[in-house]
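A.B. asks:
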Amino acid sequence: MTSAFSEARCKRLDTLLRIRLRDLTHGRCEGCGRLVSGFSSQLSHGFTRKIKSLRWDRLNVLHLCANCHWAYTNHPPAAESFLRAQLGDPGYDELVRRWQHKINVRQLDYDLIADYIRNLEPGQFPQVSPVPLWELGT
40 MTSAFSEARC KRLDTLLRIR LRDLTHGRCE GCGRLVSGFS SQLSHGFTRK IKSLRWDRLN
100 VLHLCANCHW AYTNHPPAAE SFLRAQLGDP GYDELVRRWQ HKINVRQLDY DLIADYIRNL
160 EPGQFPQVSP VPLWELGT
């Protein structure tokens, strides 16, 4: 039994999720609403992406522009408030519960995670913030 994905498989899933979230958000940053593409189109994680069971979990991942991603990473209190506002208290509490009960993701789970990403639906979460995320940290 393998306890971790290869880096190549992780990157493929990251790319699949980034493309899917870009489609679901119509190319807009979930922090400020700006249209983003290329290197400005980034994934940001509420809890570290090192936790594989949360790395591709929609509750834990935002599609952000580079500015909002920088603000989110460098201003943890503002980021936590933003994520809590996006998810609501029940959603945020569920994310914390998932973080506390880390699940071992095996190599065999790759296809299941890829299917989960492909089947994400619009409106599952979140809405664009009324205040640009990168302004919250200033």
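First residue of the sequence shown? That's 40 in my numbering, and the numbers climb one at a time after it.
No residue lacks a Cβ here, since even glycine has one placed at the ideal position from N, Cα and C.
On a predicted model such as this, the values are computed, not experimentally measured, just so you know.
(1) Measure the beta-carbon distance from E133 to L98 and round it to whole angstroms, keeping in mind my assumption that it falls under 8 Å.
(2) In whole angstroms, what separates the C-alpha of L63 from that of D53?
(3) Using the rule of at least 16 other Cβ atoms within 10 Å of the residue's Cβ for burial, across every protein chain shown, is F86 buried or exposed?
(4) To which residues of the same chain is S83 closer than 6 Å at the C-beta, ignoring the five residues directly before and after it?
(5) Going by the beta-carbon positions, is the gap between S92 and R137 smaller than 8 Å?
(6) Give me the Cα-Cα distance between D150 and D96, rounded to the nearest whole angstrom.
(7) Roughly how many whole angstroms lie between the Cα atoms of N158 and P116?
(8) Look at the alpha carbon of D154 and the alpha carbon of R94, and state the distance between them as a whole number of angstroms.
C.D. replies: The short version:
(1) In the sequence shown, residue 133 corresponds to position 94, counting from 1. In the sequence shown, residue 98 corresponds to position 59, counting from 1. Indeed they touch by this definition, with Cβ atoms about 7 Å apart.
(2) Translated into the one-based positions of the sequence shown, residue 63 becomes position 24. Translated into the one-based positions of the sequence shown, residue 53 becomes position 14. Separation of L63 and D53 (C-alpha to C-alpha, rounded to the nearest whole angstrom) is 15 Å.
(3) One-based indexing of the sequence shown puts residue 86 at position 47. By the 10 Å Cβ count, F86 comes out buried.
(4) On the sequence shown, residue 83 is found 44 positions in, with the first residue counted as 1. Within the same chain, and ignoring the five residues on either side of S83 in sequence, the residues whose Cβ sits closer than 6 Å to its Cβ are L101, L103, H108, Y111.
(5) For the purposes of this step, residue 92 is identified with residue 53 of the sequence shown, where counting begins at 1. For the purposes of this step, residue 137 is identified with residue 98 of the sequence shown, where counting begins at 1. The answer is yes: Cβ separation under 8 Å.
(6) For the purposes of this step, residue 150 is identified with residue 111 of the sequence shown, where counting begins at 1. For the purposes of this step, residue 96 is identified with residue 57 of the sequence shown, where counting begins at 1. Their backbone Cα atoms lie some 14 Å apart in a straight line.
(7) Position 119 of the sequence shown holds residue 158. Position 77 of the sequence shown holds residue 116. Going by the C-alpha atoms only, they are around 31 Å apart.
(8) Translated into the one-based positions of the sequence shown, residue 154 becomes position 115. Translated into the one-based positions of the sequence shown, residue 94 becomes position 55. About 15 Å.
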